[in-house]
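Right, one structure below, let's go through it.
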Amino acid sequence: FDPTFLTSARAAIAGLLGLALLLLFRQKRPERGDLLSLVIVALGVVVGFPLLTALALKHVTTAHSIIFVGLLPLATAIFGVLRGGDRPRPAFWLFSCIGSALVAGFALTQGVTASPVGDGLMLAAIIACGLGYAEGAALSRRLGGWQVICWALVLS
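If you're matching positions, the sequence shown starts at 822 in our numbering and goes up one per residue.
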């Protein structure tokens, strides 16, 4: 199946289910000021990560692509600081950087056989997902966690 079709179909089905939950539990609509954040969550988590990952898998193996997911905690933390004002402890930064360096080092050792296109798409997927996660976490303080993802699904 085409990655764009799969991403769209998955988002549409999940969006309908999300809308049903929001209506069933009579959740309030997000305020106008929350819409940009919800769009960022939708673009990062609902559309960006699945689509970019599916496109990357046309160029790299699943085993190779999963290595990049090890960078997701650091990407999320960086965006959490930039977008949400989070302040992780120094130990978190230390171990996140060590883990990410190991992931990057391993990926570089695979560089001879890996596809730069696939690697670039996976890196973009991780950046999109990290931004979406951090934005969703900040927004969940006002709307609630499951409500944020449901509204992001509806918007997508």
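Glycine included, C-beta positions come from ideal geometry on N, C-alpha and C. These numbers come from a predicted model, not from an experiment.
Rounded separation between residue i and residue j - CA only
{"i": "F822", "j": "A835", "result": "18 Å"}
{"i": "P909", "j": "G957", "result": "17 Å"}
{"i": "F927", "j": "V975", "result": "38 Å"}
{"i": "S936", "j": "A877", "result": "9 Å"}
{"i": "L872", "j": "I948", "result": "13 Å"}
{"i": "Q968", "j": "S829", "result": "20 Å"}
{"i": "R904", "j": "V881", "result": "31 Å"}
Residue nearest to residue i in terms of C-alpha spacing, selected from the options
{"i": "V866", "options": "D907, L843, I888, T897", "result": "T897"}
{"i": "G906", "options": "T874, A955, C971, P824", "result": "A955"}
{"i": "L944", "options": "R831, T874, L864, L844", "result": "T874"}
{"i": "C1064", "options": "K879, S886, V868, T930", "result": "The requested residue 1064 is not part of the displayed model; the chain covers only 822 to 977."}
{"i": "P894", "options": "R853, W914, R962, H880", "result": "W914"}
{"i": "D940", "options": "K879, P911, R850, A841", "result": "K879"}
{"i": "H885", "options": "L942, C918, L845", "result": "L942"}
Integer Cβ distance of residue i from residue j, believed to fall under 8 Å
{"i": "V860", "j": "G891", "result": "The Cβ separation is near 27 Å, so there is no contact."}
{"i": "D855", "j": "L952", "result": "At roughly 16 Å, the Cβ-Cβ gap does not stay under 8 Å, so D855 and L952 are not in contact."}
{"i": "V862", "j": "A973", "result": "4 Å"}
Distance cut-off 7 Å: residue i Cβ against heavy atoms of the ligand FAD
{"i": "D855", "result": "You won't find the ligand FAD in this model; it holds no ligand whatsoever."}
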